[in-house]
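Numbered as in the working numbering, the sequence shown ends at 662 without a single skipped number.
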Amino acid sequence: MALQVSVSNERIRLSMIFFGSLFQSQRRSQRAHDDQSRLRDLLHLVIERLCQRYKLTLSLAICLCLSAPATASHPDDALEANIPIVSITRQNDDLTSNSAAVNASVYKNAQPVETTTNTNGLASVGLWQPEFSEPSLYALLDAEFAADRGDKRRALTIYKQQSFKEDATAVFERALSLSLRTERVEDSLQFAKSWQDQYPDHVPAWFYVAHLALRAHDYLLAGETLNRILRYDPRADLSEILIGIYPNNDEDKRELLAALQPLDSEQNASLSVLKAGLLYQFNEPEIAIVHINRALARQPDYVPFITLKADILRKIVTAETVINYVSQARLRDPDSKSLYLYEIRYLLDLKQSQEAWQLLIEAHNRFSDDAEITLLAALVSLDNEKYASADQLLNVLAKSPAYLDQAYYYLGISAERQQRFEQAKYYLNGVMQEDLVLEARRKVVAFELLNDNVDAAIATLEKLRKDFPVFAPDTFVLQADILWQQNDAAEALRLLTRAARKYPDNEALLFARAQLLDDQSDYIVKRTLLNHLQALDPSNLSYQLSYAQLLLANERNSEQGLALAQAIIQIHYDDPRYDNELHLQALNVLASNALANKNYQQVIDYLQTPYDVLPTLRSGTLLLRAYQGLGNNERVETLLADLQQRFSFGQHNINDRIQLY
């Protein structure tokens with residue numbers, strides 16, 4: 002008898018070895034299509050032998066089919082399917098380990114589909130598989146090989162069918178994983194709900210259905226399922242269910258809140274904090290604070306809960322109370338970088354930059370190796386004009402290759418503010434990070450122009466164009482600006498025309514060229530260019546304003562031109578489209594038109610207040626001419642003196658041209 006067992010075990014071991022080697026061979030053979038028919042014949046032979054000991058080899062097949070090697074060659078399969086990890090605090094062995102055996106009569110009476118869709122000309126699965134109540138080994142292997150070949154539709158069809166058989170929890174989870182990668186979330190939810198209906202006592206399936214219902218915005222089903230989970234375990238960890246399900250629009254948020262409100266979340270921290278966050282967004286902080294306090298009672302030191310409470314408190318208590326709350330939490334957990342950063346940023350929001358800087362230095366001393374803290378401390382030091390501290394911190398940061406470019410950029414800013422322009426040029430020329438290099442070179446060009454070194458400024462742009470071709474259109478625009486400042490508008494226009502031929506779809510080049518064209522003598526060309534730009538980007542307010550200026554320059558009472566400019570100045574400051582500089586330009590356009598119509602008081606109404614707040618040469622010149630038109634000599638003399646002091650008005654100063662341009 003012992004000998005027979007030994008022989009049997011040896012056969013099983015040899016079968017497993019042979020099966021494993023065959024599985025590896027199958028993966029390699031996909032790259033050589035000539036071997037596929039031979040592999041299919043071998044697979045039939047092996048499966049016939051293995052199916053004789055079906056019970057022993059099923060677990061092996063499941064492990065092989067669901068293990069990493071089966072999908073390692075496909076990056077998309079290696080990704081998580083975002084199925085929530087089920088975690089409950091109360092254990093029930095009958096439900097978790099034997100759930101598929103519960104309600105056996107239901108399963109026996111169920112009529113699972115025995116065939117799958119015949120895809121790619123292959124025979125249906127029902128013709129291959131033996132009649133077993135458990136999942137078919139052959140079908141699972143065929144499904145996994147189909148997935149490995151990229152035929153996800155066939156693999157998913159087979160897996161879904163096999164998942165409805167007995168003891169098929171692992172197959173269900175594999176099917177759900179594939180479904181989430183290849184189907185809409187609504188289809189995945191329908192599949193998970195169908196499986197849960199057949200296995201109503203399988204607790205993990207509740208979690209899957211709840212998560213998918215939330216993702217699919219089926220808040221009625223989500224609420225029902227969450228309520229079932231909470232009745233089973235009021236303290237169940239719902240954090241994984243709630244990941245990635247937060248709605249983007251207010252309507253969905255309200256539906257989610259309505260579904261959650263009836264649920265008893267007093268003992269469930271994750272549900273309490275979700276309610277608190279939604280109530281906070283709907284400006285109900287007094288109710289939100291009740292829910293966040295419940296969450297904190299369960300997890301008093303969890304930083305995200307602490308910061309959410311601080312956000313809620315900001316709506317109902319004084320700033321001092323909020324700072325005290327966060328500060329006390331930070332003292333209880335001095336190693337929490339997040340609490341330091343929250344308090345620092347809140348202090349900056351309150352314009353308490355000195356207090357924020359002191360706390361940043363403290364944070365830097367505690368987290369001396371943290372580059373984010375060091376950089377933030379350096380930037381706040383710059384804002385507080387503590388240049389020695391900023392330079393010291395930035396030089397520390399420069400030792401990290403990942404932060405070298407940022408350190409050099411802000412060292413250049415620090416040197417600029419200290420009027421050490423040569424030092425600033427050195428640092429800014431050393432910046433090579435793509436998202437910083439263009440702005441760094443702009444500043445270098447400005448420094449060269451400050452010294453009237455036009456050739457060096459153009460050389461800087463040419464080098465940037467060579468080193469970073471992606472910024473070539475921007476360098477042409479900057480170079481044209483330099484030429485225009487040097488009173489060589491014709492050469493600037495020729496440069497932009499040549500560049501536009503090379504980059505015909507670049508809007509910045511086209512717009513810069515349009516800006517250099519004369520409103521009257523080049524009316525047709527400029528109008529064509531601006532119409533083309535507005536067709537490319539109909540919402541661009543700069544294009545609209547330039548077009549309004551063109552129309553008003555050629556027809557003083559152009560209704561379309563006036564409407565475009567008026568629409569821009571009517572944009573409220575809290576509108577995302579609002580731009581302070583564009584607003585002032587629109588006022589200047591309207592004021593210029595009013596001046597051309599000799600409506601001098603309207604010019605003053607447009608520009609006097611903006612000039613008092615943010616004086617510019619263009620606005621001041623228009624105001625001066627309006628006061629001259631009214632014969633108000635006292636205001637003329639006062640404004641003329643102010644313009645001369647601010648802008649060297651009346652002298653041939655390059656700043657006049659820069660401001661007017």
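We treat Cβ as the ideally placed atom computed from N, Cα and C, and that holds for glycine. Predicted model, so just to flag it, every value in this text is computed and none were measured.
Cβ pair residue i, residue j closer than 8 Å
i	j	result
A549	A536	no
I293	V323	no
Q675	W207	Look at the range of the chain in this structure, 2 to 662, and you will see that residue 675 is not part of it.
L596	L623	yes
I290	I307	no
A554	Q586	no
L534	L511	yes
L332	L348	no
N269	A237	yes
F192	K153	no
V432	D406	yes
Y579	I572	yes
A490	L517	yes
L141	V172	yes
A509	P474	yes
Y220	A260	yes
L531	S547	yes
Burial state of residue i (16 or more Cβ within 10 Å)
i	result
G413	buried
R175	buried
T529	exposed
I288	exposed
R216	buried
A205	The sequence given here has Pro at residue 205, not Ala. Label assigned to P205: buried.
S195	exposed
D613	exposed
Y574	exposed
E463	exposed
I701	Within the shown structure, residues of the chain are numbered from 2 to 662, placing residue 701 beyond reach of any answer.
D149	buried
K527	buried
R295	buried
R514	buried
R367	exposed
A642	exposed
E145	buried
A460	exposed
Extent of the continuous alpha helix (DSSP H) run through residue i
i	result
I317	Looking at the DSSP string, I317 is not in any alpha helix (DSSP H), and its letter there is neither H nor E.
I246	Premise fails: I246 is in no alpha helix (DSSP H) and is neither H nor E.
A403	No alpha helix (DSSP H) holds A403; DSSP gives it neither H nor E.
D482	A473 to Q486
E508	E508 to L517
V186	V186 to Q199
Y220	Y220 to Y233
G1	In the structure as shown, the chain begins at 2 and stops at 662. Residue 1 is therefore absent and cannot be evaluated.
S178	T170 to T183
Nearest-angstrom Cβ-Cβ length linking residue i and residue j, presumed shorter than 8 Å
i	j	result
L398	S382	So it is not a contact: roughly 12 Å between Cβ atoms.
Q561	L552	6 Å
A156	L177	Their Cβ separation, rounded to whole angstroms, is 13 Å, which puts A156 and L177 out of contact at 8 Å.
N385	W358	5 Å
K426	V445	5 Å
I374	A389	Not really, about 18 Å apart at Cβ, beyond 8 Å.
L231	D202	At roughly 16 Å, the Cβ-Cβ gap does not stay under 8 Å, so L231 and D202 are not in contact.
L309	A277	6 Å
Y404	A372	5 Å
L258	L279	4 Å
Residue i Cβ short of 7 Å to the ligand SAH heavy atom set
i	result
N598	In the structure on display, the ligand SAH does not appear, and there are no ligands present to speak of.
Contacting residues, own chain, Cβ-Cβ under 6 Å from residue i (five flanking each side not counted)
i	result
E423	none
S26	In this predicted model, S26 has a pLDDT of only 41, less than 50, meaning its place in the structure is not dependable enough to derive any value.
L484	E492 and A493
Y281	A289 and I313
E132	Low confidence applies here, because E132 scores a pLDDT of 46, under 50, leaving its location unreliable; read the following figure in that light. Cβ neighbours of E132 beyond the five flanking positions: none.
Y409	Y428, G431 and V432
I136	Going by the sequence as given, residue 136 is Pro instead of Ile. Closer than 6 Å at the Cβ level, and outside the excluded window around P136, lie Q163, K166, A169 and V172.
Test: residue i CB closer than 8 Å to a CB of chain B
i	result
Q516	Absent here is chain B; the protein component of the structure consists of one chain.
Neighbourhood of residue i by C-beta distance below 7 Å, restricted to the same chain and skipping five residues each side
i	result
S337	V304 and R331
Y343	T308, A311 and V327
Q629	V637
Close Cβ partners of residue i (< 8 Å) along its chain, the five nearest in sequence each way excluded
i	result
A457	E449
T226	W207, V210, A211 and A214
L496	F477, Q480, A481 and L484
D94	Unreliable placement is indicated for D94, whose pLDDT of 36 sits below 50; the coordinate value is still reported in the next sentence. Once the five neighbours on either side are set aside, D94 has no close Cβ partner at all.
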